[in-house]
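For reference, the structure is listed below as structure tokens.
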Amino acid sequence: MFDHVTLMTAICWVLYNLACHTHYQEQCRQEVMDLMQGRDTEEIEWDDLSSLPFTTMCIKEALRLHSPVLAVTRKYTQDMKLPGDRTVPKGAICLVSIYGTHRNPAVWTNPQEFQPLRFDPANTRGHSSHAFIPFSSGPRNCIGQKFALAELRVVVALTLLRFRLTPGINPDLGTAPGEVRRLPLLVLRAEGGLWLQLESLTSHTSRDD
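Convert by adding 4 to the 1-based position in the sequence shown; the result is the number in my numbering.
The structure is reproduced here in structure tokens:
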């Protein structure tokens with residue numbers, strides 16, 4: 005279910021949420037800088053991924069709020085009895101809303117807010133195993149979820165090491181009234197009109213992209 009397109013969308017939403025929450029962005033950046041301290045190269049090894057717990061929390065929270073896959077379907081292979089003397093017949097197709105589950109106030113407190121600490125291990129013990137399902141769940145979940153999470157951590161870590169993120173401005177629309185126009189060092193556009201502004205932490209050369 006996760007492919008190059010959905011992974012790209014997930015990366016953009018993670019970066020967008022960090023751009024909108026600079027205090028979390030700085031915590032992630034500091035975590036990455038601490039990890040890379042004393043190294044000659046800016047490379048993330050497989051064993052490094054477990055050393056990015058807060059960055060991982062931010063990634064998961066972004067996937068909760070903006071899951072690239074909104075729903076999955078399952079076909080019943082047998083009759084399924086439900087409470088109230090109701091039965092779902094064999095052959096019926098059930099749609100599971102990932103978006104609805106992730107934003108359900110009965111499942112998540114203040115579901116519209118970006119709160120990475122929801123995924124602190126100390127706070128997840130009471131969660132249902134099906135409360136967070138960006139990769140679906142059960143025996144037919146996404147077989148690439150571990151790879152996708154690993155790639156997300158690497159891309160986010162290396163991006164934060166090189167750039168500071170702020171919400172961008174769509175150059176086709178201009179600026180809002182009273183807003184000061186700043187020349188972005190790099191503009192990243194996500195599908196659907198999501199704009200980010202990336203400020204290089206190592207270079208003062210500006211360019212548009």
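Where a beta carbon is used, it is the ideal one built from N, C-alpha and C, also for glycine.
Less than 8 Å divides the Cβ of THR91 from the Cβ of ASP83. Beta bridge pairing from DSSP links ILE97 with LYS79.
The continuous stretches of beta strand (DSSP E) do not include VAL159, which lies in the alpha helix (DSSP H) extending over residues 149-166. Apart from sequence neighbours up to five positions away, the residues of its chain that approach MET61 with a beta-carbon distance below 7 Å are PRO120, LEU121, PHE123 and ASP124, ordered along the chain.
Annotation for THR45: no alpha helix (DSSP H) segment contains it, and DSSP assigns it neither H nor E. If you check the CB distance, PRO138 and CYS24 do not come in under 8 Å. One thing to note: ASP51 has its Cβ no nearer than 8 Å to the Cβ of LEU39. Short of 6 Å from the beta carbon of PRO115, and not among the five residues preceding or following it, lie these beta carbons of its own chain, in chain order: ARG107 and PRO109. DSSP places ARG68 in the uninterrupted alpha helix (DSSP H) bounded by 57-69. For LEU86, the uninterrupted beta strand (DSSP E) run begins and ends at 84-86, by DSSP. With distances taken between CA atoms, GLY130 lies nearest to TRP112 out of TRP112, TYR20 and ARG144. Beyond the five residues adjoining it in sequence on each side, GLN31 comes within less than 6 Å, by CB distance, of PHE58 in the same chain, given in chain order. DSSP places VAL9 inside the alpha helix (DSSP H), whose first and last residues are 8-24. Among the bridge pairs identified by DSSP, GLU203 is matched with ARG168. For GLN29, the number of other beta carbons within 10 angstroms of its own is at least 16, and it is reported as buried. With 16 or more other Cβ atoms inside 10 Å of its own Cβ, ILE63 counts as buried. Cβ-Cβ separation between LEU153 and GLU46: approximately 20 Å, too far for a contact (criterion under 8 Å). Distance from the CA atom of GLN41 to the CA atom of GLY104, rounded to whole angstroms, is 41 Å.
Counting only the Cα atoms, CYS98 lies some 40 Å from HIS27.
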